[in-house]
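Here the structure is laid out as structure tokens; the discussion comes afterwards.
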Amino acid sequence: VVVTHRSVAALAAWARDTFGRSGFSHVVASTSLNFDVSVFELLCPLLAGGSVEVVADLPALADGSGPRRAGLLSGVPSVLSRVLGGGTGDGAVEADTVVLVGEALPARTVRDIRDAMPSAEVANIYGPTEATVYATAWFADGTVPDQAPPIGRPVARTRAYVLDRLLRPQPPGITGELYLGGDGLARGYLRRPGLTAARFVADPFGAPGGRMYRTGDLVRWRADGQLEYLGRIDQ
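Here you go:
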């Protein structure tokens, strides 16, 4: 996936405005450079004037003699749950902000985070590499959800459409495929013009010449304006 300088700059600007310098004061970076989330964990804090502690992986945080402290911690829910102590409060890490990425977020994981770190801000952030890491975000309020949280609203400089096969927008509650537009879109796939043309299509809702990316993800708008993830279109 060919990502532009402009797209990374848009991600960094949103991250700075959302988490601030204090939120990025100490970020634990555990994601391999082979994955796009590493751009968020490494570049965004540094561009905001923060600091980064690089670790081998999240389970490595459990190797110390006591809980590790971080300003911001990100990871996939299934791995992060293992370093939280299963909701017992005996986790290997404490953080001011916990960002869940990469897979569906169960309500139980949010409850475990609340038990382990009652004051932590919890975010469920969604995005394909083709939209430069993050495209939508949900931030928990003080309540503990009884069902899987949504993937939230579009982040700054991002447009989200829920469309049917004829590219008609779907109303709240009706399932459709998620399409993404905006400054975060990648240029396309390296030396794969056919695939690029199939996945990055003309955006009939934006400015002339604009594009949108077909994610292949099934979603629906909720009444509160947030997106609910339902699965893959090919499953």
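Note that full-length UniProt numbering numbers the sequence shown so that position 100 is 100, with each residue one more than the last.
The beta carbon of each residue, even a glycine, is placed where N, CA and C say it ideally should be.
- Straight through space, the alpha carbons of Phe19 and Gly49 are spaced by roughly 12 Å.
- A residue is called buried once 16 or more other Cβ atoms fall within 10 Å of its Cβ, and Leu73 is buried on that count.
- For Leu163, the three-state secondary structure derived from DSSP is strand.
- Apart from sequence neighbours up to five positions away, the residues of its chain that approach Arg220 with a beta-carbon distance below 8 Å are Val162, Gln170, Pro172, Gly173, Ile174, Thr175, Gly176, Leu227, Glu228 and Leu230, ordered along the chain.
- With a 10 Å radius around the Cβ and a threshold of 16 neighbouring Cβ atoms, Ala207 comes out exposed.
- Assigned with DSSP and collapsed to three states, Glu41 falls in helix.
- In this structure, Val155 lies away from Ala140, with their beta-carbon atoms at least 8 Å apart.
- Thr143 sits exposed, since fewer than 16 C-beta atoms from the chains shown fall within 10 Å of its C-beta.
- Secondary structure at Pro154: strand, using DSSP grouped into helix, strand and coil.
- When the alpha-carbon of Met212 is set against those of Ala186, Leu218, Ile233 and Arg232, the nearest one is in Ala186.
- Judged by their CB atoms, Gly23 and Gly75 are not nearer to each other than the 8 Å cut-off.
- Contact between the stretch 113 to 120 and the stretch 92 to 99 is present: 3 or more CB-CB pairs across the two stretches fall below 8 Å.
- In this structure Val79 touches Leu58 by the C-beta definition: roughly 5 Å separates them, less than 8 Å.
- A residue is called buried when at least 16 other Cβ atoms come within 10 angstroms of its Cβ; Val54 does not meet this threshold and is exposed.
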